[in-house]
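Below is one structure, written out as structure tokens; the observations come after it.
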Amino acid sequence: MLSASLLADDDWQQYKQRFVTAEGRVVDTGNNGISHSEGQGYGMLLAQAYDDQQSFAAMWLWARKTLGRHDLPLFAWKYDPQHKPAIADNNNASDGDILIAWALLNAGRKWHNSNYLNASRRIRAAVLENMVHEYAGHLVLLPGLNGFDGNGYIDINLSYWVMPALVDFAQTDNQPRWQQLVDSGIQLLALAKFGDAQLPSDWLRLTNKGKLSPSPKWPTRFSFDAVRIGLYFPWAGLGSNDALTPIKQFWQAGGATPPAWIDVSSSEVAPYAASSGILAMRDVLNEQPVQRHVSESDDYYSASLLLLSKLAAQTIQR
């Protein structure tokens, strides 16, 4: 649970007012008002941390009824209210599934709700069975059920390894593959050092021969996905890992306002500064208190990262 001082601030009320509809849909204001499983997971995590049972229940109901797949206890990754059907692609996103499962696990424990605990257990089992596979000597987390494998390669995203959730699952379930997935993520991050900055790109290509490189299907940037590695690792108690050093150096080299991203191939940097959410993650990585608050300039993603950073900082301090 968050400390009394954090519970007393109005960050969560601002977050709800700006990004959560009355029916429990978390709105990505920086991405044309879509919603996705990641956002529902973030919102649910925050609601249980701020002890907001009503909001949690609404967000979970919306996720279950709107994004829930019929074949597996996983979730369609994207809902776009401007299109019909609003869910054009039933593919899942494994980080969204993991975040929702972790939020349900935390809420079930906190509020003694067996329905939440059972739902989390079903999602965790589905992720392990369908999304976690051996490939080229590594245990990998597929980003989605479809579309991420090719002839002799798979594409992965290390920010989908929600490390604090995976560590919690490893401690909760009698299933060693969770810890093996954590260990594999650590190993892959140590290998994912590209360009002059020696940083991981958002999307990585792993060949069946074990070669790791930036995936050519996406911009070769350390950007809005990979920045979350700088939060998830320390949140899981892995903040001293040497593989995080290039991230620390990149964020520190930018001074008060580092660029939002860098292309690991060309070393081109973003023409705009990192958001307050990224700066809050930098605080966590540097073991500094997170003293920022949600402002009008924060979109959904920046505000989410900021509040999650506060939650992570509290967890690390305990």
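In this text, residue positions in the sequence shown follow our numbering: the first is -12, and each later residue adds one.
Glycine included, C-beta positions come from ideal geometry on N, C-alpha and C.
Going by DSSP, what residues sit across from residue i in a beta bridge?
{"i": "Phe62", "result": "Gly55"}
{"i": "Ile141", "result": "Asp136 and Leu193"}
{"i": "Ala260", "result": "Pro246"}
{"i": "Ser200", "result": "Arg192"}
{"i": "Arg208", "result": "Asp250"}
{"i": "Ser22", "result": "Tyr66"}
Please classify residue i: is it buried, with 16 or more other beta-carbons within 10 angstroms of its beta-carbon, or exposed?
{"i": "Ser291", "result": "buried"}
{"i": "Ala319", "result": "The structure shown has nothing for residue 319, since the chain only spans -12 to 305."}
{"i": "Tyr259", "result": "exposed"}
{"i": "Gly124", "result": "exposed"}
{"i": "His23", "result": "buried"}
{"i": "Asn138", "result": "exposed"}
{"i": "Ser188", "result": "buried"}
{"i": "Ser227", "result": "exposed"}
{"i": "Pro203", "result": "exposed"}
{"i": "Ser312", "result": "Residue 312 lies beyond the stretch modelled for the chain, which goes from -12 to 305, so this question has no answer here."}
Among the options, which has the Cα closest to the Cα of residue i?
{"i": "Lys97", "options": "Ile141, Leu186, Met31 and Lys65", "result": "Met31"}
{"i": "Ser210", "options": "Lys196, Leu191 and Asn228", "result": "Leu191"}
{"i": "Trp222", "options": "Leu294, Gly137 and Asn79", "result": "Leu294"}
{"i": "Ala213", "options": "Met150, Gly197 and Gln275", "result": "Met150"}
{"i": "Phe220", "options": "Asn195, Leu145, Lys204 and Ser282", "result": "Leu145"}
{"i": "Thr159", "options": "Ala112, Ala34, Gly241 and Arg51", "result": "Ala112"}
{"i": "Gly182", "options": "Leu218, Arg208 and Asp(-3)", "result": "Arg208"}
{"i": "Gly131", "options": "Leu193, Pro163 and Gly83", "result": "Gly83"}
{"i": "Asn148", "options": "Thr16, Asn78, Leu225 and Gln304", "result": "Note that residue 148 is Trp in the sequence shown here, rather than Asn. When each option's Cα is compared against that of Trp148, the closest is Leu225."}
{"i": "Ser200", "options": "Asn161, Asp67 and Val251", "result": "Val251"}
{"i": "Ala267", "options": "Ala80, Val281, Glu255 and Val256", "result": "Val281"}
{"i": "Ile21", "options": "Asp67, Leu128 and Phe6", "result": "Asp67"}
{"i": "Ser254", "options": "Ala184, Tyr122 and Ser284", "result": "Ala184"}
{"i": "Met118", "options": "Ser101, Asn100 and Phe62", "result": "Phe62"}
Closer than 6 Å by C-beta to residue i: which residues in its own chain qualify, once you throw out the five before and the five after it? Chain order, please.
{"i": "Leu91", "result": "Tyr103, Ala106 and Ser107"}
{"i": "Ser289", "result": "Ser262, Ser263 and Gly264"}
{"i": "Ala45", "result": "Gly11"}
Sorted by chain position, which residues of the same chain lie with C-beta nearer than 8 Å to residue i's C-beta, five sequence neighbours on each side aside?
{"i": "Leu115", "result": "Gln162, Arg164 and Trp165"}
{"i": "Phe135", "result": "Leu129, Ile141, Asp142 and Ile143"}
Cβ contact (3+ pairs, closer than 8 Å) linking the stretch 71 to 83 and the stretch -4 to 14: no
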